[in-house]
Each structure stands twice: as structure tokens, then as C-alpha cells.
Amino acid sequence: MDTVYYEKVNSSLCNLLVAYTKEGLTRVKFNVKDSEIEFFEYLKKHFEKIIKENSKSDYGKELEAYLNSDKKDLDLPVSLIGTEFNKKVWKELMNVPFGELKTYKQIAEAVGCEKGYRAVGNANNKNPIVIVVPCHRIIGSKGALTGFAPGIQYKVDILKHEGHIPYMLNNKWYVDIKNDNIISN
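Residue 1475 in this note's numbering is what sits at position 172 of the sequence shown, and the numbering runs on without skipping anything.
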């Protein structure tokens, strides 16, 4: 791949760094401390030419609408860069709709790796396109909100944004899996 475009999307919910090619989104990252360094290292590793977009792209407009609660469904093309297993997991994550959740175990089973919830967790951690590839909708089997690279508070805030009611118990965040929308296989 040769050329990638990037821009920043800001909202009261969170700030994002967004990169895309003519094929689709290739990187969406939370813009938190030191994330710009990693964002540009990633782009330099995978693309020959990096161009700053001065006006808001359709991708930026869609993400901004989602972050501002003007849009629930993000049906944006993506251009995934990763291992075959990671891509399989990320594609499965894209089947989890707004307002619903799945467990790591359910995703592992769906990708044919029944006992691979840790591998699914690692794939989630490497997710290059947050929000659009909704790794935030994946939770522990008992409702625990586990791991989130930019910080668990971002996962909590996004899940609240999508209508869930996270709560804290013994210094750990959960959602009530009995009353929440957990998709069953």
C-alpha cells in the first residue's frame, strides 16, 4: 500500500486519530497520551506516503456523528492489516451490533477456536480500528469489563454511550449480563 490519509476527530466522548486509504479505514486510535507517536509509527511501517487531510472526510463525519449520538450504526469500509487470525476475530467483532455485547468466549467459539478466549483478547488488544471494529463490546463471561488499551474508563464511557449501565464492584467494572443485551450464539 502506498498512500494513507489521516485526520483527527474530536468530541466530548473521546478524541480519535483516523487513517484511511481508498479501500477504507486502516487505523482508528484513541488520541490519548503518547498515542500520536504510535499512530504515526504504524502508518510509516505500512505506507509510503502519509497525507494530512485538511477537511473532514466522510469517515471523519461518520465517526463524529456516532460520537455525538447522531448515528448508531457505523457501516464503514475497512482495510484490515494483521495476522489471519486477528482479521478473523476483527471481522467477527463487526457482527456485534450497537447496544449489544458478546463475551470473549462467544467470539472464540464463533471463529472456531473454542478455548481461545485469551487469543481473542490479544486480537482485541491489537485492534487497529477501534469503535468501527467494536472491541469495546466484548466482555468477560461474568460481565467484567476487562482490558482496554487506552484505559478502562474509555470502555465504560463508550458502553454508557451505547446504552449499557456499567457499575463498579470491588474496584472492577462490570455490566449486568442478566439485564444487558448479551447476544447468544
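Using N, Cα and C, we set each Cβ at its ideal position, and we do this for glycine too.
All values reported here derive from a predicted model rather than from experimental measurement.
*Unbroken stretches of the beta strand (DSSP E), 3 residues or longer, contained in the segment 1361-1439*: none
*Give the secondary structure of Phe1333 by DSSP, where H, G and I count as helix, E and B as strand, and everything else as coil.*
strand
*DSSP-derived helix/strand/coil call for Thr1319*: First, the residue type needs correcting, since residue 1319 is Leu and not Thr in the sequence shown. It is a strand residue.
*Boundaries of the beta strand (DSSP E) in which Glu1310 is found, first to last residue*: Thr1306 to Asn1313
*Note down, in chain order, each residue of its chain lying with its Cβ closer than 6 Å to the Cβ of Gly1466, except the 5 sequence neighbours on either side.*
Gly1402
*Apart from the five residues on each side of it in sequence, which residues of its chain come closer than 7 Å, Cβ to Cβ, to Lys1374?*
Glu1365 and Ala1368
*Of the residues Tyr1308, Asn1334, Val1478 and Trp1393, which one's Cα is nearest the Cα of Asp1361?*
Tyr1308
*May I ask you to list the residues that DSSP assigns as paired with Tyr1470?*
Tyr1477
*Going straight from the alpha carbon of Val1381 to that of Lys1355, what length do you get?*
19 Å
*Rounded to a whole number of angstroms, what is the C-alpha to C-alpha distance between Asp1460 and Thr1306?*
33 Å
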